[in-house]
Amino acid sequence: MRSSQPDFRHAASTHVRAPICSDVTRRRMLGCCLGAVTMSKADPPSATKELAEAREFLRKRQAQAAEGAPGFPYRRQESTTEEALAILREQRRFVPTNDPDIVRRGIFRFDRKPEEERIRRTEEFIRRVQPGPFEDPNYFALLAYQAASIEMALPQFQRQPQVKDPFSRIILGTVHGGEVNAFAQAFPRTGYTVVLVQSGLIDFVYQSAKAVVEAINPFRTPDKSALSTANMDMDRIRAELKVNEAPVNRVYRTLESYFFKGYPRAFANETVADEQVPFLGGLIWMAERWITAHEYGHGLALPIDFSKAPYNANQAEEYFADCAATTLTVASGWSLDHLPAEVSLAGANFALACLKTCRRAKSVVTRGKEVRDEGNGSHPPNELRALQNIASFRQFFDVQYDGGRVPEPTFVMRKKAPAQHGFGTEQSERAYFFSNVLFEMWPAVKERLTEQYRNKRQLHPMWG
Ligand SMILES: [Zn+2]
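Under our numbering, the first residue of the sequence shown carries the number 761, and numbering increases by one thereafter.
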């Protein structure tokens, strides 16, 4: 397997095609002949024709998706920039604490200066993208904050500070669509990359995370020594799942909605119990961040020639994007969110567990049986990708667990992981924990999906 170490150098530009980041369905990306490029008055003077072209591409994709979505609400004005900025301020409002350097948002604490900087950069990012009339400002504000987190992590690795920030030519948007998928469209001529995240992916990850957190049943300790604690014993979780149907039902109903109704969400207007927040928050953030960072990884891959990789060039690029994503997620998770490495890695692997679940479910509803995940031409099997995430972490970070404070993962550039690593089996199991809880639910979900197949239930036309 080719070492997929992140390399942020700008090498000679080579071919890059649009990578598709899960094979749930494949769609041909549009070309980049976009006709006339219009500049809005709100464009900052630095906005170039190239940026306008990237924005135009994003807007066209969003408009096309919205056409097929009756009742899609966002066409109120030409730009949703101001709306996204207002939502961001609402989402990221924080309050002071007794310590002037620490702020609080709900139960989560942040260092004031980096958090202020992250919000400032998110605003800058929103203005750079200048979201169009078919953007969902809510989802966009969430992902823009993730993008800013990723961008802030980069300088920690950059060996050549004189190299221009490679992320300045990446923009992102959400596309209203049912696919559990995300894409990156590269424009080799201009160096721009447009990241497109389907809203279905965000919803699916959220619903799966919610099911997993319901399954571990968090509770407040009577002595209030912890914010919340949960059942982390897999045997007990398994037993619990036999008597409490809610988590399995959530995963099943979400998949049922995906395959038979065209969108992976069956529950709306949900509340989250206080006890669930610490688990749900960290898991969803890190899964979303890793997904976003994976697509950013394709942007970083733009100048790299994978054609000489000793195996499938597309898969080599996927591993590169995964490795960049893992590195950026762990680094930003630690420095900005105070999250230990295993939590960031749990989010990364959970995103892959969600893709695996969709792939398994698809084989059941289309063929009546589960087919082993062998990957495909462009993507390695999700299990191998998760394994490689842990390997990448061990290669690029040192960390020592001594039972005391949560240890800092420190970045180190090296060609391979050392034989002995501080991130041992116990930590690795924690990184797989949420994925494994989701997999525990699979047999019961599969049974119900198989029943739909046997009843010859008609799939939604998006699967035609
Ligand atoms: Zn990819």
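For glycine and all other residues, C-beta sits at the position ideal for the given N, C-alpha and C.
Everything numeric in this text was worked out from a predicted model, so none of it was measured.
Residue i, buried or exposed, once every other Cβ within 10 Å from all chains shown has been counted against 16
i, result
"Gly1128", "exposed"
"Ala796", "At Ala796 the pLDDT is 24, less than 50, meaning the model places this residue with poor confidence and gives no usable figure here."
"Val1011", "buried"
"Glu1078", "buried"
"Pro766", "Interpretation of Pro766 is limited by its pLDDT of 28, a score under 50 that renders its predicted location unreliable; the figure taken from the coordinates is listed afterwards. Classification of Pro766: buried, given that the 10 Å Cβ count is 16 or more."
"Pro1225", "Nothing can be reported for residue 1225, as the shown portion of the chain is limited to 761 through 1224."
"Lys801", "Residue confidence is low: Lys801 scores 43 on pLDDT, short of 50, so the model does not pin down where it sits. Its coordinate-derived value is still stated next. Exposed: under 16 other Cβ atoms inside 10 Å."
"Ala846", "exposed"
"Val863", "buried"
"Thr882", "buried"
"Val1172", "exposed"
"Ala1028", "exposed"
"Gln967", "buried"
"Asn941", "buried"
"Glu1211", "exposed"
Contact check, residue i vs residue j, beta carbons under 8 Å
i, j, result
"Leu1043", "Thr1117", "no"
"Glu1130", "Pro1141", "no"
"Ser1195", "Ala1113", "yes"
"Thr1087", "Phe1156", "yes"
"Ala971", "Pro1007", "yes"
"Thr841", "Arg880", "no"
"Ala969", "Trp1050", "no"
"Ala1259", "Ala1081", "No answer is possible for residue 1259: the residues shown for the chain start at 761 and end at 1224."
"Ile930", "Val955", "yes"
"Val1125", "Leu1219", "yes"
"Ala1106", "Met1046", "yes"
"Leu903", "Glu1048", "yes"
"Ser839", "Gln890", "yes"
"Glu1235", "Arg1165", "Only positions 761 to 1224 of the chain appear in the structure, and residue 1235 is not among them; the question remains open."
"Leu1209", "Ala1085", "no"
"Asn1074", "Gly1137", "yes"
"Ala907", "Gln851", "no"
"Val935", "Gln822", "yes"
"Ile1235", "Ala1053", "Look at the range of the chain in this structure, 761 to 1224, and you will see that residue 1235 is not part of it."
"Glu875", "Phe854", "yes"
"Tyr899", "Ile962", "yes"
"Ala1076", "Gly937", "no"
Pick from the options that is closest to residue i, judged by C-alpha positions
i, options, result
"Tyr1056", "Phe964, Phe894 and Asp925", "Asp925"
"Gln945", "Glu939, Gly937 and Leu932", "Leu932"
"Glu939", "Pro874, Ala1073, Glu1168 and Ser1017", "Ser1017"
"Ser1123", "Glu1207, Gly866 and Ala1085", "Glu1207"
"Glu1143", "Tyr1161, Arg1165, Leu1115 and Gly1163", "Leu1115"
"Lys873", "Pro860, Ser959, His1181 and Ala999", "Pro860"
"Leu1015", "Thr934, His1139, Tyr1213 and Glu816", "Tyr1213"
"Leu818", "Phe854, Phe894, Gly1137 and Phe1153", "Phe894"
"Phe1039", "Met992, Phe947, Lys820 and Arg1120", "Met992"
"Glu877", "Tyr905, Gln890, Asn1136 and Ala999", "Tyr905"
"Leu1001", "His936, Glu974, Arg980 and Arg1013", "Glu974"
"Ile976", "Gln1036, Ala1101, Val935 and Tyr952", "Gln1036"
"Phe979", "Arg1154, Phe1019, Ala1033 and Val1205", "Ala1033"
"Val1205", "Pro915, Pro948, Arg815 and Asn1009", "Asn1009"
In DSSP terms, what residue i is bridged to
i, result
"Gln958", "Val935"
"Ala942", "Val957"
"Asp871", "Ile862"
"Tyr952", "Phe947"
"Val855", "Arg864"
"Phe1171", "Phe1157"
"Ile930", "Thr953"
For residue i, the three-state DSSP class (helix, strand or coil)
i, result
"Pro1070", "coil"
"Arg980", "coil"
"Phe1157", "strand"
"Tyr1213", "helix"
"Val721", "Lying outside 761 to 1224, the shown extent of the chain, residue 721 is not represented and no answer is given."
"Ile1250", "The chain is shown from 761 up to 1224; residue 1250 falls before or after that span and cannot be answered."
"Thr989", "strand"
"Val965", "helix"
"Ala1204", "helix"
"Leu717", "Here the chain has residues from 761 to 1224 only, and residue 717 is not among them."
"Gly1224", "coil"
"Pro893", "coil"
"Gln837", "coil"
"Asp1162", "coil"
"Leu1096", "coil"
"Val972", "helix"
"Ala1177", "coil"
Closer than 7 Å: residue i CB and nearest ligand 2 heavy atom
i, result
"Glu1186", "Ligand 2 is absent from the structure shown, which contains only ligand 1."
is_contact[residue i, chain C] using C-beta, thresh 8 Å
i, result
"Pro926", "Any reference to chain C falls outside this structure, which holds one protein chain only."
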